[in-house]
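Only one structure is covered here, and it is reproduced in the block below.
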Amino acid sequence: MTATLALKEIDDTALARLESEGRLLNPLHKALTSKPGRVGFRGEMALRFAPKLADEARPPELMCPQVMAIANVGEKHIPFFAGYLLSFEHLKDVADVLGDTLSAGGKYFLFCNNIDLSKKYQVPYKGAMFYVLPIDESTVYNELLDLLYLEKNDLKKKDTVGKLDAVADAALKFDITFDVITYAEGLALMGPVRNPNENRPV
4 MTATLALKEI DDTALARLES EGRLLNPLHK ALTSKPGRVG FRGEMALRFA
54 PKLADEARPP ELMCPQVMAI ANVGEKHIPF FAGYLLSFEH LKDVADVLGD
104 TLSAGGKYFL FCNNIDLSKK YQVPYKGAMF YVLPIDESTV YNELLDLLYL
154 EKNDLKKKDT VGKLDAVADA ALKFDITFDV ITYAEGLALM GPVRNPNENR
204 PV
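Residue 15 in the numbering used here sits at position 12 of the sequence shown; the count goes up by one each step and never skips.
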C-alpha cells in the first residue's frame with residue numbers, strides 16, 4: 004500500500020521523469036520523507052544507458068553513485084541534489100539528465116574524484132549553479148556533513164529518511180561562495196581519471 008502511494012507522490016514531483024526513464028536505481032530510499040509533500044531519493048542515478056541487445060537488460064554505461072536528492076509534490080524543479088563523479092567531465096551528463104528539473108535557485112553538489120583536493124568551485128551550467136568539490140576516500144554523505152557543519156553524532160540516531168531530511172534542509176540554506184569557473188575551465192584543470200578497480204582485492 005505504501006509503495007503505491009509513494010509512487011503516486013513521485014509522479015507529481017520533478018523526480019517523475021527520472022523514475023519513468025528507469026534512472027533511479029538501487030535505492031536506499033525512494034518515497035515520501037518525514038517532511039509533508041517531500042519525496043526523497045538516495046541511491047544511484049543512471050547517466051548513460053548501454054545499447055539494448057534483444058531482450059537483454061544491460062547495466063548503465065555511466066552512473067552517478069551516492070545520490071541524495073529531494074523533490075516536492077507539485078513542483079517541477081529539484082531543489083537539492085548531490086552525487087559522486089569519478090571525473091569532472093561527467094558534470095555535463097548529470098546536467099543533461101536532470102535537464103528541466105534544474106533551477107537557478109537549486110542547490111546542486113557534485114563531489115569529483117579528479118579535482119585538486121584543496122579546491123572548491125562553482126560551475127554554472129544549463130541555467131543552474133553546481134558546487135563542485137573534491138573527494139578522495141570519503142563518501143558524499145560524510146563530505147556533506149563536513150561542508151554543512153552537521154554533527155555526525157546528532158544524525159546517528161536518525162534513520163535513512165531522517166538523515167536525508169537533515170542534510171537536505173541544511174543544503175537548502177547553504178550560501179557559501181567559491182571560485183566560479185566555466186565547464187571548459189574545469190575540463191582543463193581536472194586531473195587524470197582514477198581506475199575505480201585498482202587496488203581492489205581480486
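The beta carbon of each residue, even a glycine, is placed where N, CA and C say it ideally should be.
Using 8 Å for Cβ pairs, my map puts residue i next to residue j. What's the rounded Cβ distance?
i: Val135; j: Phe91; result: 7 Å
i: Leu18; j: Val42; result: 6 Å
i: Tyr128; j: Leu94; result: 6 Å
i: Thr36; j: Leu167; result: 6 Å
i: Arg26; j: Met48; result: 5 Å
i: Leu101; j: Ile81; result: 7 Å
i: Pro30; j: Arg45; result: 7 Å
i: Thr163; j: His32; result: 5 Å
i: Ala131; j: Ala169; result: Contact doesn't hold; Cβ gap of about 23 Å is too wide.
i: Leu88; j: Arg197; result: Not really, about 11 Å apart at Cβ, beyond 8 Å.
From the DSSP output, which residues share a beta bridge with residue i?
i: Arg20; result: Paired residue(s): none; Arg20 is not in a bridge.
i: Val126; result: Phe133
i: Arg41; result: Asn75
i: Asp182; result: Tyr124
i: Leu151; result: Paired residues: none, contrary to the question.
i: Lys33; result: Phe44
i: Ala49; result: Met66
Go ahead and pull the three-state DSSP assignment for residue i.
i: Ala57; result: coil
i: Gly25; result: coil
i: Thr7; result: Unreliable placement is indicated for Thr7, whose pLDDT of 48 sits below 50; no coordinate value is reported for it.
i: Asp162; result: coil
i: Gly3; result: Residue coverage of the chain in this structure runs from 4 to 205, which leaves residue 3 outside it and unanswerable.
i: Glu12; result: helix
i: Arg197; result: coil
i: Asp157; result: helix
i: Glu140; result: coil
i: Lys176; result: coil
Determine the closest residue to residue i out of the options, with distance taken between C-alpha atoms.
i: Thr16; options: Ala72, Thr36, Glu47, Lys79; result: Lys79
i: Leu226; options: Arg61, Val42, Val70; result: In the structure as shown, the chain begins at 4 and stops at 205. Residue 226 is therefore absent and cannot be evaluated.
i: Ser121; options: Phe112, Ser106, Gly130, Ile138; result: Ile138
i: Gly86; options: Leu192, Phe181, Asn116; result: Asn116
i: Phe52; options: Leu190, Leu28, Phe133; result: Leu28
i: Val126; options: Leu151, Leu192, Ile13, Asn156; result: Leu192
i: Tyr144; options: Lys123, Ala171, Tyr124; result: Ala171
i: Ile179; options: Glu188, Tyr124, Tyr128; result: Tyr124
i: Phe112; options: Leu56, Gly102, Ala174; result: Ala174
i: Lys11; options: Leu21, Ala34, Pro30; result: Ala34
i: Glu22; options: Phe133, Thr104, Lys161; result: Thr104
i: Phe133; options: Thr142, Asp182, Lys160, Pro63; result: Asp182
i: Pro195; options: Asn75, Ile118, Glu140, Arg20; result: Ile118
i: Ser109; options: Asn75, Ser141, His93; result: Reading the sequence as shown, one finds Gly at residue 109 and not Ser. Gly109 has its Cα closest to that of Asn75, out of Asn75, Ser141, His93.
i: Asp99; options: Ser106, Leu50, Pro39, Asp162; result: Leu50
i: Val97; options: Tyr186, Gly40, Glu154; result: Tyr186
i: Lys176; options: Pro39, Gly189, Leu153, Cys67; result: Leu153
i: Ile73; options: Cys67, Pro54, Lys38; result: Lys38
i: Asp149; options: Lys161, Lys160, Phe114; result: Phe114
Taking only runs of the beta strand (DSSP E) that begin and end inside the segment 58 to 125, which ones reach a length of at least 3 residues, in chain order?
Here the runs fully enclosed are 65 to 75, 83 to 88, 110 to 115.
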